[in-house]
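Let me begin by presenting the structure, written as structure tokens, before commenting on it.
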Amino acid sequence: MSLTHLRAGVIGTGFIGPVHIEALKRLGIQVVAVCDTDANAAAAADRFGIPNAIGGLQYQRLVGHPEVDVVHVASPNRLHAEHSLAALAAGKHVVCEKPLAMTSQETATIVAAAKKSRRVFAVNYNLRFYAALQTLRAMVADGQFGRIIHVNGSYFQDWLFHDTDYNWRLLPKEGGKLRALADIGTHWMDAASFILGDHVAEVFADLGIHHKKRQRPLGEVKTFGGKTEGGRWQPYTVETEDYASVLLHYGGGAHGTLSVSQVAAGRKNQLRLEIYGSKQSAWWDSESPEQLTFGHRDQANQVAIRGAAGFSRDEVRPYMDYPAGHVEGFADSFKMQFRAIYSRIAGSKAAALFATVQDGDAEVRLCEAILASHTARQWQKVARLKKA
Ligand SMILES: NC(=O)c1ccc[n+]([C@@H]2O[C@H](COP(=O)([O-])OP(=O)(O)OC[C@H]3O[C@@H](n4cnc5c(N)ncnc54)[C@H](O)[C@@H]3O)[C@@H](O)[C@H]2O)c1
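First residue of the sequence shown: 1222, per my numbering; consecutive thereafter.
Written as structure tokens, this is what we have:
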């Protein structure tokens, strides 16, 4: 099925917007418009050969553009609801960055609007589209791990290690009341639920702030942009977590343990996920994405390489474009995911393995339960969206 008749518009051209644009271009999907500040929109349009640079943060012009079929929302978290709702109101399909919105009130509104619109609405939990995660999911569904006893893992980064590291994510009004857990922890929680085919029923969380005071540069800083040299600084009090530990109980009975940190020196962007079943175990590390390790009690452990024996199931082949030994990673997960989303828009009836608007809502509810648990220092049930 050709997807090349579909045309995209991207709101936000900071760190992740260009990752969307590159993946779309690799699929032959035209990106016909970008929106950001005047300077950012012009620079992105020039860099990627995009005909319409919409400056002045005038996203209404992008969502209303007659050539745009699918709107990608890659703006800061506080704008996701506004931008997604405007795109749906203009009759467009939406690919929204995570987290879907700031609160479950907002996500409920988006879920209702998406349902009414009958458009495809995807949330960018791109981890699902690593071949390793698709493989683990298929193996769990096949019963190859037996009963899942527990899952374990972490998501660690170090880009907010210094008190002078700054990004809008550090401000609750821009990023939300949770930071490390909402920003990267939800990637892990979405991935684990996707693999297990199960939801988190209750949580017990402990959040920590390493830098209670940080310095903010006067002027904005790009994500992963590094230090601001020679500038002027303003101190501020930090309200959101630098690191966290969460215990999880899944609906089907499995237990989970997750650690997240944005102040883990030396860890650049490492997601580690381990599954322990009654038949065998499996371990995956996003910084070695081509490798799955299977653990056994009574025989030698096995290391399998993507595309080779033990890591090459037929149903996962659509998510591998290159042969074994030709590394596929972060950027490829976007390409595979957008292929799945745009195929659905083009009429494919294949199972929607991408995160839906309901999945995006579920992650925000999970974050709210985590914050409530930490505040009350007790187990907290995770609320689920009531069916309309
Ligand atoms: N899926 C992933 O792996 C992944 C990775 C990074 C970021 N993200 C998500 O993507 C979103 C953006 O993150 P980022 O790291 O690219 O941030 P960023 O700050 O690098 O980029 C955001 C861009 O949006 C622009 N912007 C701000 N207000 C706007 C408006 N009203 N209209 C149009 N553009 C506007 C900014 O000028 C900036 O260029 C966040 O929600 C984040 O959680 C997801």
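Idealized CB from N, CA, C, for every residue including glycine. Small disclaimer: the values here were computed from a predicted structure and weren't measured.
Whether residue i touches residue j by CB criterion (8 Å)
i: Ala-1426; j: His-1595; result: yes
i: His-1293; j: Val-1316; result: yes
i: Leu-1306; j: Gly-1374; result: no
i: Leu-1592; j: Arg-1349; result: no
i: Gly-1235; j: Asn-1298; result: no
i: Arg-1534; j: Ala-1545; result: no
i: Ser-1499; j: Gly-1367; result: yes
i: Ile-1416; j: Leu-1357; result: yes
i: Val-1424; j: Gln-1601; result: yes
i: Ala-1244; j: Ala-1552; result: yes
i: His-1371; j: Gly-1452; result: no
i: Ala-1274; j: Ala-1263; result: yes
i: Gln-1558; j: Asn-1347; result: yes
Identity of the residues DSSP links to residue i by a beta bridge
i: Asp-1290; result: Partner(s): none; Asp-1290 has no beta bridge.
i: Thr-1478; result: Asn-1373, Leu-1468
i: Asp-1553; result: Asp-1553 is not bridged to any residue.
i: Gln-1523; result: Phe-1515
i: Gly-1498; result: Ile-1369
i: Val-1315; result: Val-1292, Phe-1342
i: Trp-1505; result: Leu-1494
i: Lys-1602; result: Glu-1423
i: Leu-1428; result: Ala-1465
i: Tyr-1457; result: Arg-1435
i: Gln-1251; result: Arg-1228
i: Ile-1275; result: Cys-1256
i: Ala-1576; result: Val-1344
Expected contact under 8 Å - CB spacing of residue i and residue j to nearest Å
i: Ser-1296; j: Gly-1233; result: 4 Å
i: Gly-1531; j: Gln-1520; result: With 8 Å as the limit, Gly-1531 and Gln-1520 do not qualify as a contact, their Cβ atoms being about 13 Å apart.
i: Ala-1333; j: Phe-1342; result: Between Phe-1342 and Ala-1333 the Cβ distance is about 11 Å, and since that is not below 8 Å, they are no contact.
i: His-1420; j: Tyr-1376; result: Not a contact, Cβ separation roughly 19 Å.
i: Ala-1302; j: Ala-1329; result: The Cβ separation is near 10 Å, so there is no contact.
i: Arg-1586; j: Ser-1325; result: 5 Å
i: Ser-1338; j: Leu-1309; result: 5 Å
i: Gln-1483; j: Asp-1463; result: 6 Å
i: Ile-1250; j: Leu-1224; result: 6 Å
i: Val-1603; j: Ala-1422; result: 6 Å
For residue j and residue i, the rounded distance between their alpha carbons
i: Leu-1392; j: Cys-1588; result: 16 Å
i: Asn-1388; j: Thr-1458; result: 14 Å
i: Glu-1511; j: Arg-1247; result: 20 Å
i: Gly-1418; j: Gln-1436; result: 42 Å
i: Val-1284; j: Gly-1276; result: 13 Å
i: Ser-1507; j: Asp-1411; result: 15 Å
i: Trp-1504; j: Arg-1598; result: 30 Å
i: Gln-1455; j: Leu-1354; result: 42 Å
i: Cys-1256; j: Ala-1525; result: 43 Å
i: Glu-1460; j: Lys-1398; result: 8 Å
i: Gly-1474; j: Ile-1271; result: 49 Å
i: Phe-1555; j: Asp-1542; result: 13 Å
i: Lys-1434; j: Ala-1590; result: 26 Å
i: Glu-1536; j: Ala-1352; result: 10 Å
i: Val-1481; j: Tyr-1497; result: 20 Å
i: Asp-1259; j: Asp-1384; result: 31 Å
i: Leu-1494; j: Gln-1281; result: 40 Å
i: Ala-1266; j: Gly-1429; result: 40 Å
i: Asp-1564; j: Leu-1439; result: For the record, residue 1564 in the displayed sequence is Ser; it is not Asp. In a straight line, the C-alpha of Ser-1564 is about 44 Å away from that of Leu-1439.
i: Arg-1288; j: Val-1548; result: In the sequence as displayed, the identity of residue 1288 is Glu instead of Arg. Roughly 35 Å separates the two Cα atoms.
i: Leu-1300; j: Gly-1516; result: 43 Å
i: Gln-1365; j: Thr-1514; result: 14 Å
i: Leu-1278; j: Ile-1405; result: 26 Å
i: Arg-1340; j: Arg-1560; result: 16 Å
i: Tyr-1540; j: Ala-1572; result: 14 Å
i: Ala-1362; j: Arg-1538; result: 17 Å
Closer than 8 Å to chain C by CB, residue i
i: Gln-1355; result: Absent here is chain C; the protein component of the structure consists of one chain.
Reference residue i; option with closest CA among the options
i: Lys-1489; options: Arg-1560, Ser-1502, Ser-1509; result: Ser-1509
i: Gly-1581; options: Ala-1486, Phe-1350, Gly-1487, Ala-1403; result: Ala-1403
i: Ala-1486; options: Asp-1386, Trp-1454, Pro-1438, Asp-1553; result: Asp-1386
i: Ala-1576; options: Gly-1406, Glu-1395, Ser-1414, Ala-1353; result: Ser-1414
i: Val-1252; options: Phe-1236, Leu-1227, Ala-1310, Phe-1551; result: Leu-1227
i: Ala-1401; options: Ser-1569, Lys-1319, Gln-1501, Ala-1573; result: Lys-1319
i: Lys-1608; options: Ile-1369, Gln-1579, Val-1424; result: Gln-1579
i: Pro-1239; options: Arg-1268, Asp-1259, Ala-1260; result: Arg-1268
i: Ser-1502; options: Met-1360, Asp-1259, Asp-1553; result: Met-1360
i: Leu-1606; options: Leu-1439, Leu-1300, Ala-1264, Glu-1327; result: Glu-1327
i: His-1431; options: Asp-1379, Ile-1405, Lys-1394; result: Asp-1379
i: Asp-1290; options: Ile-1331, Ala-1583, Ile-1562; result: Ile-1562
i: Ile-1237; options: Ile-1331, Asn-1345, His-1304; result: Asn-1345
i: Gly-1472; options: Arg-1390, Ile-1331, Ile-1369; result: Ile-1369
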